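Numbering-wise, the sequence shown is residues 3 to 297 according to the working numbering. Every residue, glycine too, gets a C-beta built ideally from N, C-alpha and C. Keep in mind it's a predicted model, so treat the numbers as computed, not measured.
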Amino acid sequence: MPKSRRRGGGNPRGSSGAQHRNMQPFSDEDASIETMSHCSGISDPASFTEDVPEIDEEATQEELEYKLKGLIDLTQEKSAKTRQSALESLKNALTSKILYEFILERRMTLTDSIERCIKKGKSDEQRAAAGLACLLCVQLGSGIESEEIFKTLAPVLKKILSDGAASVQARQACATCLGLCCFIAADDITELYSTMECLENIFTKSYPKERNSNGISSTQNTVLHISALLAWTLLLTICPMNEVKKKLEMHLHKCPLLLSCDDVNMRIAAGETLALLFELARETDGIFLDLRLKA
Numbered sequence: 003m004p005k006s007r008r009r010g011g012g013n014p015r016g017s018s019g020a021q022h023r024n025m026q027p028f029s030d031e032d033a034s035i036e037t038m039s040h041c042s043g044i045s046d047p048a049s050f051t052e053d054v055p056e057i058d059e060e061a062t063q064e065e066l067e068y069k070l071k072g073l074i075d076l077t078q079e080k081s082a083k084t085r086q087s088a089l090e091s092l093k094n095a096l097t098s099k100i101l102y103e104f105i106l107e108r109r110m111t112l113t114d115s116i117e118r119c120i121k122k123g124k125s126d127e128q129r130a131a132a133g134l135a136c137l138l139c140v141q142l143g144s145g146i147e148s149e150e151i152f153k154t155l156a157p158v159l160k161k162i163l164s165d166g167a168a169s170v171q172a173r174q175a176c177a178t179c180l181g182l183c184c185f186i187a188a189d190d191i192t193e194l195y196s197t198m199e200c201l202e203n204i205f206t207k208s209y210p211k212e213r214n215s216n217g218i219s220s221t222q223n224t225v226l227h228i229s230a231l232l233a234w235t236l237l238l239t240i241c242p243m244n245e246v247k248k249k250l251e252m253h254l255h256k257c258p259l260l261l262s263c264d265d266v267n268m269r270i271a272a273g274e275t276l277a278l279l280f281e282l283a284r285e286t287d288g289i290f291l292d293l294r295l296k297a
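Structure representation (structure tokens):
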């Protein structure tokens with residue numbers, strides 16, 4: 003599913019659903035109770051893998067798909083609690099079982115629901131929707147279907163990521179979603195560069211303004227910067243060589259400064275990124291690496 007590292011110029015690699023029984027509408031007052039009723043059968047990942055003897059597999063699959071159809075409908079309800087519970091249950095299902103055909107037929111409906119939840123939802127709902135988007139691309143794999151999903155969701159994900167008024171947790175989820183979905187689905191080199199630039203605008207805020215700074219203090223946004231850095235690092239592995247050289251020029255001497263951050267997770271992420279940068283530098287030009295290290 004993940005694409006091989008790209009080296010050289012040019013571009014990177016290149017619904018409908020069956021009707022089911024009528025669902026009763028939900029009010030805000032009874033949303034939580036009703037949602038649990040619909041979701042209880044699949045909210046536990048173990049329920050997808052438990053071996054039960056003498057079970058009709060076809061009937062079991064039909065029952066599962068019926069429940070999933072109901073959950074997809076619930077992602078469009080007015081109640082935020084209902085939508086979030088449905089998103090979480092769908093995430094559990096997609097984490098526990100390959101549902102390629104089912105998703106393929108309903109990818110547009112799911113994409114519309116995810117887009118709406120990210121745009122209009124609050125922090126927890128946005129996080130759940132971003133997580134579900136990642137799973138859609140993972141399940142569908144590299145191809146035109148995932149590409150369509152990414153092209154639809156990328157603008158709203160970037161908007162939330164760049165919105166300082168949005169919750170840190172929601173922005174963090176959007177950063178991870180952008181990195182993973184772009185890695186799997188992006189077929190346009192321009193979209194790859196645009197996504198990396200968006201992530202760069204986030205994590206570079208952790209760079210100290212002065213080169214001789216004694217250390218970097220953690221802030222409430224450090225977790226966001228870590229997620230953006232890791233997502234950016236993932237996308238760097240599929241960049242053409244000419245772009246890799248540009249990124250090395252920009253970050254090879256700045257990234258080590260993050261090793262002095264108070265946050266241990268930032269230090270770990272910076273160390274992983276540095277390891278990749280040095281590996282890529284050796285692949286591009288050993289002389290270039292020697293010169294840059296002596297500068």
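Taken atom to atom, the span from the alpha-carbon of D165 to that of L76 is near 27 Å. I228: member of the alpha helix (DSSP H) spanning 224-238, first to last residue. Restricted to the region 92-171, the alpha helix (DSSP H) segments that are unbroken, complete and at least 4 residues in length are 102-122, 125-142, 146-164, listed in chain order. Between V158 and K121 a beta carbon distance of about 6 Å is seen, short of the 8 Å cut, so the two are scored as contacting.
Within the same chain, and ignoring the five residues on either side of N203 in sequence, the residues whose Cβ sits closer than 8 Å to its Cβ are S164. Contact annotation: E147 and R108 have beta-carbon atoms that are not nearer than 7 Å. Judged by DSSP secondary structure, S196 falls within the alpha helix (DSSP H) whose first and last residues are 191-205. DSSP, reduced to helix, strand and coil, places C241 outside both helices and strands of the structure shown, so it counts as coil. Take C263, set aside five residues on each side of it, and the residues of its chain with a beta-carbon closer than 6 Å to its own are I218, R269, in chain order. Residue F185 holds the alpha-carbon nearest to the alpha-carbon of C136 among F185, D126, A167, K211. If you draw a 10 Å sphere on the C-beta of H255, you find fewer than 16 other C-beta atoms in it, and that means exposed. Linking V266 to G273 through their CA atoms gives a straight-line distance of about 10 Å. K248 and F104 have their C-alpha atoms spaced approximately 42 Å apart.
Separation of the CB atoms of G123 and A82 is rounded to 6 Å, and the pair is thereby assigned contact status at 8 Å. Taking C-beta separations shorter than 7 Å and ignoring five residues to either side along the sequence, the partners of I228 in its chain run N267, M268, A271, following chain order.
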